[in-house]
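Working notes for the structure below.
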Amino acid sequence: MRFGVVVFPGTWSDCDFHYVISEVLHQPVKYVWHRDRSLGEFDCLVLPGGFAYGDYLRAGAVAGRSPVVESVREFTAGGGLVLGSCNGFQILCEAGVLPGALMRNECLQYRCQSTHLRVENVDTPFTRGLRPGQVLTMPISHGEGKYHADPETLKVLKQQNRVVFRYATPDGRLTREANPNGSLDNIAGIVNEEGTVLGMMPHPERAAETAMGGTDGLLLFKSLLGSLVEDGTFLKR
Amino acid sequence: MTPSEPKVTADLARDLGLTIEEYDRIIARLGREPTYTEIGLFSALWSEHCAYKHSRIFLGRLPQTGPHVLQGPGENAGALDIGEGWAVVFKIESHNHPSFIEPFQGAATGVGGILRDIFTMGARPIALLDSLRFGDPADPKTRHLITGVVSGISWYGNCFGCPTVGGEVAFAPEYAGNPLVNVMCVGLVRADRIFRARAEGVGNPVFYVGNKTGRDGIHGATMASATFDEHAEERRPTVQVGDPFTEKLLLEACLEAMSTGAVVGIQDMGAAGLACCTSEMPARSGTGMDVELARVPRRERGMSPYELLLSESQERMLLVAQRGREEEVRRTFAKWELDAVEIGRVVSGGDLTIKMDGEVVAQVPVDALSEAPRYDKPRVRPAALDQLVALDPLKFSEPAEYGAALETLLASPTIASKEWVYRQYDQQVGLNTLVLPGSDAAVLRVKGTRRGLAVKTDGNGRHVFLDPRRGAAMAVCEAARNVSCAGARPLGVTDCLNFGSPERPEILWQFAEAVDGIAEACRALELPVVGGNVSFYNETSGQAILPTPVIGVVGLLEDASRHATQYFAGSGHRVALLGGDDVSLGGSEYLWAVHATLGGTLAALDLELERRVQAAVRAAIGAGLVRSAHDCAEGGIAVALAESCITGREHVGCDVALPEGRRADVTVFGEGPSRVVVSVESARVLAFEALMAESAIPWRWIGATGGDHLTIRLGSRRLVDAALAALEQAWRRGFERHVA
Amino acid sequence: MKARVLVRLKPGILDVQGSAIARALGGLGFDDVRELRVGKVIEVEIADADAGRARARVDEMCKKLLANPVIEDYTIELGTADDLAVARSGR
Amino acid sequence: MKARVLVRLKPGILDVQGSAIARALGGLGFDDVRELRVGKVIEVEIADADAGRARARVDEMCKKLLANPVIEDYTIELGTADDLAVARSGR
Ligand SMILES: Nc1ncnc2c1ncn2[C@@H]1O[C@H](COP(=O)(O)OP(=O)(O)O)[C@@H](O)[C@H]1O
Ligand SMILES: [Mg+2]
């Protein structure tokens, strides 16, 4: 599976994703500079964490309007897969590729800590390898990760089962305490209508090796690889 | 000199922080009156901050060489060989004064400065550590400082993308008017690709790269060389503002430019900005420099040569490139949307010639600027000290209830959990952090090798106050011990020496004694000091801080997977105490937290024993014989045991018996060096005992892990029998309740 | 032409920072604070001197970047800082 | 009484956000942006209906909490959002 890792000025999880994809998963991976327009060669694009353009004004605001985002739109329109993590999720929302917005954490502080995620939707290429209700452990690291959407949007997200991860307790309960940033409905990750674009605040690349404290993040990538069919298209259930 | 400029007089020189003697010396050296711009250059480069006038003669006593040393003091940072072609580059810097004036930006720009010191060497920063000192956290003013400083570090480090993996926060009233913000940065570089701050090759172009210049921080260097008083307000216009995003671009652009081979030398424009770089770089290389200030990118109108030279605008570097390869440099920085402007050339003859629109505004031998006077000022042992040291902690009666006393200690802000601080820092970006904040030292892996690094800062102002020499030596030992407790062999030291005004004989005595103590400990532990920083004048209206040398130690693990952490890993493990029984309540956290007293004598320090204990711990960890190792620091063995019980993922209790003999509070809360608590699985007990016998150190089994209580017995007395939940509660809330 | 853009959270969206500041003020003895909301002010100077065109231009900037319609409203005020023509837009 | 506090960086203090946003606008084709600065707007409603006292009160809040005197200036504008009496203070 051919991965592209998008690099904006100020991105910093790019090397981490590149490392996990090449050194842990042994998959072909290339960096995509924010000015590049041709994404044809990739099966899956990663929008990594960081502070693209310093996250000045709003997290992901400037990056969400940069040239490569147009290419990403076309790429998704063509059925390409996109994983936006942390800043990547913020950028996808600012770009309107995913609905809603990520606001300043309710605690008004940056938070870097381990979180538990309940898997809500296994009907995406990123989660097909998982069990519904399964609880994954992954770190977060952000100051603006409080997911918000207006009631109509939230209704649609629920109807279409597009909430993929929710912050939960280790045993899978959705409590206030388990919600590290005050996200609406404990939402940690969502997908687009087609299920081909996943945005999530947590960092799967930081949970990809035992040495780093856990491997739950790998399950997303394994699902991806598992859902790749020979001809390069993806299983749709 | 332009007519608009003020006339240079002795008074002006004094206003700029120079003494009359220094002013005369400048005239003698130049053989004429300096111009306004020139006096500006001297005032900055001869400031204490840049020139180490009062400290230089002592710093020579520190051991600076060793088999691993690739770069000692004198460059932007020190470098050590860690094998397999890699070098670790590290340094610690203070930003105390700016952080007091503007906590958020002061701390943020402190992080920015130390990051640049590391990547100017060609290294990619992989870790930050922050060592902080504040007054009483219950005081709203202190709360404001803590919040500002921590969010400033968080903002800059996180946005830039370097994890903050360790540090300390300690509290004492003496820091109320002058908090300490020391930040250490660690980077990695190929050992044969280290860059230096040199201006070699006559005719080579000199580039200004990075942010534009404004009037920020003019005379920051001289500010850092003055004590605070009611006029501190007036120095406020010098506040610098950080831009971590530009710093990140600068990092990538610099490393990329270096990789082209077009870069000859590079230096960060820190204190005294352009003035410092344009004189220090040629001074190191026996060359000179011609600079045209009109070319300097600026964001404010009407800046004078004086302002352009002394501005401390952030995220800027001076870069000397290979003649003929200018285009490669420009192209690289353009890719990262940064200015790279040729502002001058390297010349022979050793003069720094500064022009503005072609007109010479300053012409000074670079040596004159770097040859600031070195003072050997009077030193006296503070008279009051004898009385303090004479205090006998046993004049206070034993605590009625030891469990309660232990809770009080765990809840004392200095000992209590600092999670509130470090959860605001990204701790993992770069995928290197194997041991996160929360154990003794942080452990980082070196990708592409099996190796790892362990890093920690330490420094106990109360100990140093009571006995500067021994206290400072103990700081070196504790930092190194923390690194050894992670399983790593300490390789080198960087030190940040925070003291009051060196113009006061008592302070200078503290300083000299502390330097000697650091030197002794470093020699005994074979630790070269490869870089550091002196921060004097940490006083407000005559009240000096506790003398606070902060010691940063970097250690090497041949096999990164063979590291240890401080928390018990399971039930049924035997618990041993390595090291002697020499502890004291003098200067202890117990005496402060329970009796609000600072006094007494410190425990003895046997450096040879310290060396052997650390070697034994490392050997045991390396051989996979221990499941946890934690050094005994503030709060003595009782706190060390409690931390091993409650700081891991799950609580693990323990039941230990300690020898009788001294009064119980000395035994359990007394502080002393060279002591480590380890836990051993029963299957490993014999091998462990054999290893300890070999290593010829005092040690003993004291108990076993298990249950949900911490039980400490002395003979027949069950001194402490505390529920871990209660201990954790006290430890978690102790600091956080003041800031959350 | 100088323009001032005020970007505020939409009514109904919890202004956490605002309530935090209000609480802090209360702690300082300002117990008479009824309501407090925090927003951004962006002051921009653009070449065009014609008020109508300038407003249109700035409005475009807001739509394209300065405000996030999902969570924010904005108002544009034209004129120099001191002589301020108040006006509304962006609803 | 409603008051609006505008908190801005002092002149000469680097406005990191402002310049970044100006650059971004340029990238989006708004090349006519001459200067751009970002600040905070704090809208507060206090019990006291007397303009003079209200202003004094808010001014106190600014000095104590709302503005950081080291790097920020502030101006206070009194009145309801729609009918805005412009005025200056806090120098
Ligand atoms: N300001 C800080 N930033 C990051 N980590 C910190 C900070 N303060 C304390 N820590 C971490 O908390 C743990 C305990 O700190 P400390 O009490 O200083 O340890 P020790 O007593 O072993 O020196 C260590 O892992 C340390 O790195
Ligand atoms: Mg320790």
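Order-wise, the sequence lines are chains P, W, R and G. Numbering of the first sequence is given in my numbering, commencing with residue 1 and proceeding in unit increments. Numbering of the second sequence is given in my numbering, commencing with residue 1001 and proceeding in unit increments. Numbering of the third sequence is given in my numbering, commencing with residue 2001 and proceeding in unit increments. Numbering of the fourth sequence is given in my numbering, commencing with residue 3001 and proceeding in unit increments. From the three backbone atoms N, C-alpha and C, an ideal C-beta is built for every residue, glycine too. Predicted model only: the values in this text are computed from it and were never measured.
- In the three-state scheme derived from DSSP, where H, G and I count as helix and E and B as strand, Lys-1355 of chain W is classed as strand.
- For Cys-1496 of chain W, there is no enclosing alpha helix (DSSP H); the residue is part of the beta strand (DSSP E) that begins and ends at 1489-1498.
- If you draw a 10 Å sphere on the C-beta of Lys-2063 of chain R, you find fewer than 16 other C-beta atoms in it, and that means exposed.
- Under a criterion of Cβ atoms nearer than 9 Å, no residue of chain R is adjacent to Ala-3056 of chain G; the nearest Cβ is some 12 Å distant.
- Put simply, the backbone Cα of Pro-125 of chain P is about 32 Å away from that of Leu-1436 of chain W.
- By the Cβ test, the stretch 1138-1153 of chain W is not in contact with the stretch 24-37 of chain P, since fewer than three Cβ pairs between them sit closer than 8 Å.
- Cβ-Cβ distances below 7 Å link Ala-1197 of chain W to Glu-1075, Asn-1076, Thr-1120, Gly-1265, Ile-1266, Gln-1267, Glu-1280, Met-1281, Arg-1284 in the same chain, with the five nearest sequence neighbours on each side left out; the list follows chain order.
- Gln-109, Tyr-110, Arg-111, Cys-112, Gln-113: these are the residues of the stretch 108-131 of chain P whose beta carbon lies less than 8 Å from some beta carbon of chain W, given in chain order.
- Listed along chain P is no residue with a C-beta nearer than 9 Å to that of Cys-1050 of chain W; the closest approach is about 30 Å.
- Taking each of W:Gly-1273, W:Asp-1606, W:Ala-1051 in turn and checking the Cα distance to Tyr-1208 of chain W, the smallest one comes out for W:Gly-1273.
- In terms of Cβ geometry, Arg-1061 of chain W and Val-1668 of chain W do not form a close pair [threshold 8 Å].
- Excluding sequence positions up to five before and after Ser-1584 of chain W, its CB lies within less than 8 Å of the CB of Pro-1393, Gly-1600, Thr-1601, Leu-1602, Ala-1603, Val-1666, Gly-1670, Glu-1671, Gly-1672, all in the same chain and listed in chain order.
- Collapsing the DSSP output to three states places Met-2061 of chain R in a helix.
- Think of a sphere of 8 Å around the beta carbon of Arg-1215 of chain W: the chain G residues whose beta carbon falls inside it are Gly-3012, in chain order.
- The three-state reading of DSSP puts Glu-1307 of chain W in helix, counting H, G and I together.
- Taking a C-beta distance under 8 Å as the contact criterion, Leu-1409 of chain W and Gly-1635 of chain W qualify as a contact pair.
- Excluding residues up to 5 positions away in sequence, nothing lies with its Cβ nearer than 8 Å to the Cβ of Leu-2014 of chain R in the same chain.
- Phe-1134 of chain W is bridged by DSSP to W:Phe-1171.
- The residue from W:Lys-1456, W:Leu-1310, W:Ile-1343, W:Ser-1313 with its alpha-carbon nearest to that of Glu-1326 of chain W is W:Ile-1343.
- When 8 Å is used as the limit between beta carbons, Ile-3042 of chain G is near no residue of chain W, the shortest such separation being about 18 Å.
- Assignment of Val-1677 of chain W by DSSP, reduced to helix, strand and coil, places it in the strand class.
- The continuous alpha helix (DSSP H) containing Phe-1100 of chain W extends over residues 1096-1101.
- The continuous beta strand (DSSP E) containing Cys-112 of chain P extends over residues 111-119.
- Between Ala-2003 of chain R and Val-2041 of chain R, the C-beta gap is not smaller than 8 Å, which leaves the two residues out of contact.
- Residue environment: Leu-2028 of chain R is assigned as exposed (fewer than 16 neighbouring CB atoms within 10 Å of its CB, all protein chains considered).
- When rounded, the separation of the alpha-carbon atoms in Gly-199 of chain P and Ile-1621 of chain W is 42 Å.
- Using a CB distance cut-off of 8 Å, Arg-176 of chain P does not count as an interface residue toward chain R.
- Apart from sequence neighbours up to five positions away, the residues of its chain that approach Gly-1242 of chain W with a beta-carbon distance below 7 Å are Gln-1105, Ala-1108, Thr-1109, Gly-1112, Tyr-1156, Gln-1314, ordered along the chain.
- Restricting attention to R:Gly-2079, R:Asp-2073, R:Ala-2024, the CA atom closest to the CA of Ala-2051 of chain R is found in R:Gly-2079.
- Taking 8 Å as the upper bound for CB-CB distance, Gly-1203 of chain W and Val-1346 of chain W are in contact here, some 7 Å apart.
- In this structure, DSSP gives Glu-1660 of chain W a state outside helix and strand, which the three-state scheme calls coil.
- When secondary structure is reduced to three states using DSSP, Arg-1143 of chain W falls in the helix class.
- From the listed residues W:Pro-1073, W:Ala-1560, W:Lys-1355, the smallest Cα separation to Lys-1091 of chain W is found for W:Pro-1073.
- With a minimum length of 3 residues, the unbroken runs of beta strand (DSSP E) contained wholly in the stretch 154-181 of chain P fall at 163-168.
- The C-alpha of Glu-1033 of chain W lies about 12 Å from the C-alpha of Phe-1042 of chain W.
- Residue burial is scored here from C-beta neighbours: Val-2007 of chain R has at least 16 other C-beta atoms within 10 angstroms and is therefore classed as buried.
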